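Residue 644 is where the sequence shown starts when you use the working numbering, and the numbers rise one by one after that. Remarks on the structure that follows.
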Amino acid sequence: MERTFDAIVIGAGYIGSSVAYHLCAAGLKTALFDQGSLAAGASRANYGNIQIQDMELANSKELIRLSKTSFAGLEVELGRKVGLRRIGGLLLIEDEAQWQLMEARLKILHEAGIPSELLPANRLKEVEPLIDPTGLLGGLYHAEEGQIDPFQLIWSYLLRARQRGLQEYYFTEVTDFTVKSGRLEGIITPAGSFSAGCVVLCTGAQTNQLGCLLGQEWNVQSIQGQAMVSEPVDLVLHNHVSSASFFDADQPEEDGGPGAKLAIGQSVHGNLLLGEAMIQANQFHGQVPFKALPAVAACIQRYFPSFNRLRILRSWSSAVAYTGDNCPLLGPVAGYAGLFLATAFRSTVISTPLAGELIADLVTSGTCELNLDAFLPDRNIS
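Spelled out as structure tokens, the structure:
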């Protein structure tokens, strides 16, 4: 078994697969570790939406702008189709407070060159014919978002990385780190120790747990999200549709009471992706709480009554990581030479290709094209 690498990546989801690929493409001997299987965390439960207008506004405009351009040649670079297509994004506005909030967002989006539009309720069916606008004030609409197949994207990154020598270790938990004179030199697992010139954590909801091993407090918070998927249908959604209430200050309910907010999309295969119920929690499991599915169904039926006879194939529950300022942890960790973080992205899919490029640049040259000051792991997060 190989024990020594130039780089070790922990976390085999969206970001981890991209980072592993770009490190291999840069010529680094790279290993990828995950405590579970491929895409075992939040990435397996993701809708695949390339979201733009829901970005964090204060610091992430350049991150999203650069990320958007990374998709232009992605399928050519990977040599595979990943279901890349253009769809719209529609945030439904249910009350006056949300209208004012979306109006304020619209101004900043326009300043950033993102052509979103506030639509009154009587125009919603122009962009989403299946919606029932009863009870809505309108929506914030952006016609040029997108979607990919999550599993095809992750799989394509790993296939290309394998061609460049990637070694993969699944169901291999990291239990400690090897540190010498302030430099992170490797990891310790039940399968033994592995050394590397650098280690990149792409670990989502598990980031705090690994940080504790190093005496680090990165303040990554998590929710347990629940959603479900239908059989393929002939009805066609034109957008990813979600509620503007996702931008409210209210936090998800504590354990035992899922709070559902509308989030509906359609996969590239025709399945409807229906969600989502959320619980603020520190412990996660794969079972979906009984109350979650009726709560999700009620959200969907309120504005999409034509979906009331959908056949549901499965449901899922997954831990989703976020930070208090809605900015990712991205960049080197002060005090630990050789340690990098790339995790807790608000808009993970759109950030996936760029995150891999940035980490590879940081590892190989110590610099990258994006100013990371607002994203450094050691910043103060309120």
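Heads up, the beta-carbon is just placed ideally off N, CA and C, and yes, glycines get one too. None of the values given here were measured: they were computed from a predicted structure.
Membership of C841 in the beta strand (DSSP E) is indicated by the continuous run G835 to L844.
Cβ-Cβ distances below 8 Å link E919 to G868, Q869, A870, A903, K904, A906 and V939 in the same chain, with the five nearest sequence neighbours on each side left out; the list follows chain order.
Using a C-beta cut-off of 8 Å, the segment 785-801 makes contact with the segment 729-747, since at least three inter-stretch Cβ pairs fall below that distance. Cβ contact annotation for G835 (same chain, cutoff 8 Å, sequence separation greater than five): M644 and R646, in chain order. Between D891 and A701, the CB-CB gap reaches or exceeds 9 Å.
With fewer than 16 neighbouring CB atoms inside 10 Å of its own CB, R957 falls in the exposed class.
Annotation for W861: no alpha helix (DSSP H) segment contains it, and DSSP assigns it neither H nor E. Short of 8 Å from the beta carbon of L780, and not among the five residues preceding or following it, lie these beta carbons of its own chain, in chain order: I736, E737, D738, E739, Q741, W742, P763 and A764. The beta carbon of S994 sits closer than 6 Å to the beta carbons of S710 and F988 from its chain, once the five residues preceding and following it are set aside; these are given in chain order. Distance between W959 and G691, taken at the CA atoms: about 15 Å. N914 and A998 have their C-alpha atoms spaced approximately 28 Å apart. Under the DSSP assignment, F648 falls in the beta strand (DSSP E) whose first and last residues are T647 to I653. Straight across, the Cα-Cα distance linking L973 with L1005 is about 10 Å. For W959, DSSP records a beta bridge to A870. The DSSP assignment places complete alpha helix (DSSP H) segments of no fewer than 4 residues inside the segment 686-732 at 704-712 and 717-721, in order along the chain. Secondary structure within the segment 766-844: the alpha helix (DSSP H) runs of 4 or more consecutive residues, fully enclosed, are 767-770 and 793-806 (chain order). DSSP, read as helix, strand or coil, puts K750 in helix.
Closest in C-alpha terms to Y800, from the list N862, N882, T850 and G659, comes G659. Distance from T986 to A1017 at the Cβ level is roughly 15 Å; contact not present, criterion being Cβ atoms closer than 8 Å. Nearest to G829 by alpha-carbon distance, out of C1011, D649 and G684, is D649. Annotated three-state conformation of T1007 is helix, per DSSP. Nearest neighbour of G908 by Cα position, chosen from F837, S885 and I922, turns out to be S885. Counting only residues of its own chain and dropping the five nearest sequence neighbours on each side, H665 has a CB closer than 8 Å to the CB of G999, E1000, I1002 and A1003. Apart from the 5 residues on each side of it in sequence, A804 sits with its Cβ closer than 6 Å to the Cβ of A663, Y664 and C667 in its chain, given in chain order.
In the pairwise beta carbon analysis, the segment 810-824 is classified as not touching the segment 758-777: fewer than three pairs are separated by under 8 Å. Non-local beta-carbon contacts of E705 in its own chain, meaning distances under 8 Å to residues more than five positions away in sequence, involve L1013 and N1014 in chain order.
Residue pairing for Q909: DSSP places it in a beta bridge opposite L915.
DSSP places P971 in the coil class of the three-state scheme, outside both helix and strand. Residue pairing by DSSP places H883 opposite G732 in a beta bridge. Straight through space, the alpha carbons of G726 and L783 are spaced by roughly 25 Å. Cβ-Cβ distances below 8 Å link P875 to H912, G913 and N914 in the same chain, with the five nearest sequence neighbours on each side left out; the list follows chain order. For A764, there is no enclosing alpha helix (DSSP H), as DSSP gives it neither H nor E. Within the same chain, S661, S710, S713, F714 and L717 come within 8 Å of P996 by CB-CB distance, once the 5 residues on both sides are set aside. In the three-state reduction of the DSSP assignment, M745 falls in the helix class, which pools H, G and I. Between A685 and S990 the beta-carbon gap is near 13 Å, outside 8 Å, which marks them as no contact.
If you check the CB distance, L917 and Q810 do not come in under 9 Å.
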